[in-house]
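See below for the structure under consideration.
Numbering (the UniProt record's numbering), first residue to last: 1 to 121.
Listed below in structure tokens is the structure:
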């Protein structure tokens, strides 16, 4: 589960993705860099776009993990294939939705709470 926070730091919203939680023993610096690259590319406006962008980042990171694990798994590669396909579909869906939001800005009438929890499949 990714966590989206709405707390401001120096005038900018911060992603709710936590490299310490999402990467376990993997390369936290690489995950932080991936987050920075996505936020620099998309500049999310409002909580809905931040949520979608965090979904994209999480899916991208998971796809990279699954591809690496699939290569290491050898005979068990078929089990990883369905997980990879699921994350790839989720990534494409979140990317399309984010692009739609950014192409057609609208007033967000969603939750205005400090924290919004998002379940990522």
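We put the CB at the ideal spot given by N, CA and C, even for glycine.
Beta-carbon gap between residue i and residue j smaller than 8 Å
i           : j          : result
residue 91  : residue 56 : yes
residue 102 : residue 84 : no
residue 39  : residue 53 : yes
residue 62  : residue 87 : yes
residue 98  : residue 31 : no
Cutoff 7 Å; reference residue i; Cβ partners in own chain excluding five residues on either side
i           : result
residue 80  : 66, 69, 70, 73
residue 112 : Model confidence at residue 112 stands at a pLDDT of 45, short of 50, so the residue's coordinates are unreliable and nothing is read from them.
Among the options, nearest to residue i - alpha-carbon criterion
i           : options    : result
residue 104 : 45, 60, 59 : 45
For residue j and residue i, believed in contact at Cβ under 8 Å, the rounded distance
i          : j          : result
residue 94 : residue 59 : 6 Å
Residues of its chain near residue i, where Cβ-Cβ distance is below 6 Å and the 5 sequence neighbours each way are ignored
i          : result
residue 89 : none
Quiz item: Counting only runs that start and end within the stretch 54 to 107, where is the alpha helix (DSSP H) found for 4 or more residues in a row?
Solution: 77 to 103
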